[in-house]
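Asker: Before anything else, here's the structure in question.
Residue numbers (the working numbering): 21 to 309.
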């Protein structure tokens with residue numbers, strides 16, 4: 021294997037991606053704005069480039085794993101002419117529209133663009149539980165599949181470059197709101213001297229069990245049938261949330277996490293949907309569309 025892979029950006033994730041490639045025997049060039057981060061990869065056999073121009077000299081795939089959308093442009097805009105005819109896979113966290121903008125920019129410069137969204141932490145790279153979503157140029161996905169599969173499960177979502185990011189962002193919403201809810205609950209019991217560790221022992225299996233309800237919610241939303249039998253009504257949910265708000269305040273815990281959900285439910289009830297299922301808040305959330 022003689023074609024080099026170039027890695028631009030060596031934060032924790034970028035370094036993990038490059039290390040996996042090196043461990044598989046793939047010739048790699050690495051660059052980072054802060055040079056010191058490249059040392060460990062150099063010891064593993066990477067060629068350390070001092071500049072972006074030096075890093076992209078020659079042929080081969082370009083992997084971007086930078087801080088944000090602005091950082092991507094700051095790094096590749098000045099060398100766009102040198103990237104003509106090359107394939108770029110961007111694994112920087114971007115919004116769907118930012119990914120589409122980068123793809124359009126790449127097309128203008130005759131660059132093949134594939135966008136990626138990493139559903140893993142750096143320590144998971146190379147393990148079967150790591151998943152990376154891709155969308156954009158199908159040829160770049162298929163031609164580099166051997167490399168992509170080194171990092172984890174590779175899922176391709178079509179030629180719209182924003183689709184990988186869209187799925188990533190949607191899943192992260194669930195993760196962050198779950199974390200916030202957990203910390204809210206830990207604060208409530210913590211007010212009475214219960215440790216977060218003790219709380220976790222009961223909360224973890226409870227949340228795992230509750231994920232079993234997601235398929236039913238999805239079926240309800242897809243069918244737009246919020247009046248079906250067996251659904252917990254918005255009125256019932258409102259009463260439960262009101263109790264949770266009161267209990268939180270009694271414990272001296274802010275309700276910044278809980279209040280927005282309560283407000284959505286109350287708005288749905290005010291609009292006349294109180295006897296319909298709680299899944300109907302989906303309609304409230306997508307109103308802005």
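For every residue, glycine included, the Cβ atom is placed at its ideal position computed from N, Cα and C.
(1) Quick check on residue 108: does DSSP put it in helix, strand or coil?
(2) According to the Cβ coordinates, are residue 100 and residue 134 closer than 8 Å?
(3) Could you work out which residue in 270, 272, 252 and 208 is closest to residue 293 when comparing CA atoms only?
(4) If residue 61 sits next to residue 32, beta carbons under 8 Å apart, how far is it from one beta carbon to the other, in whole angstroms?
(5) Whose C-beta lies closer than 6 Å to the C-beta of residue 108 among residues of the same chain, with five residues either side of it excluded?
(6) Secondary structure at residue 273, three-state DSSP: helix, strand or coil?
(7) Taking residue 51 as the reference, give the member of 41, 75, 37 and 65 with the closest Cα.
(8) Expressed to the nearest angstrom, what Euclidean distance is found between the alpha-carbon atoms of residue 262 and residue 206?
(9) Just the C-alpha distance for residue 277 and residue 264, rounded to the nearest angstrom, thanks.
(10) Could you spell out the range, first to last residue, of the alpha helix (DSSP H) harbouring residue 301?
(11) Mapping the DSSP letters down to three states, classify residue 76 as helix, strand or coil.
(12) If you draw a straight line from the C-alpha of residue 168 to the C-alpha of residue 30, how long is it?
(13) In this structure, how does DSSP classify residue 137 when only helix, strand and coil are distinguished?
(14) Taking all protein chains shown into account, do 16 or more other C-beta atoms lie within 10 angstroms of the C-beta of residue 185, making it buried, or fewer, making it exposed?
(15) Within a Cβ cutoff of 8 Å, which residues of the same chain sit near residue 191, ignoring the five residues on either side of it in sequence?
(16) Does DSSP classify residue 203 as helix, strand or coil?
Answerer: With the structure as the only source:
(1) Collapsing the DSSP output to three states places residue 108 in a strand.
(2) No, the pair does not count as a contact, with Cβ atoms beyond the cut-off.
(3) Shortest Cα-Cα distance from residue 293 to any of 270, 272, 252 and 208 involves 252.
(4) A Cβ-Cβ distance of about 12 Å is found for the pair residue 61 and residue 32, leaving them out of contact under the 8 Å criterion.
(5) Apart from sequence neighbours up to five positions away, the residues of its chain that approach residue 108 with a beta-carbon distance below 6 Å are 82, 131 and 133, ordered along the chain.
(6) In the displayed model, residue 273 falls within coil according to three-state DSSP, outside both helix and strand.
(7) Among 41, 75, 37 and 65, the Cα nearest to that of residue 51 is on 75.
(8) Going by the C-alpha atoms only, they are around 19 Å apart.
(9) Computed Cα separation, rounded: 11 Å.
(10) Residue 301 -> alpha helix (DSSP H) spans 301-305.
(11) DSSP places residue 76 outside both helix and strand once states are collapsed to three, so it counts as coil.
(12) If I take the Cα positions, the gap works out to 17 Å.
(13) Looking at residue 137 - three-state DSSP - the assignment turns out to be strand.
(14) Residue 185 comes out buried.
(15) Around residue 191: 139.
(16) Taken through DSSP and simplified to helix, strand or coil, residue 203 comes out as helix.
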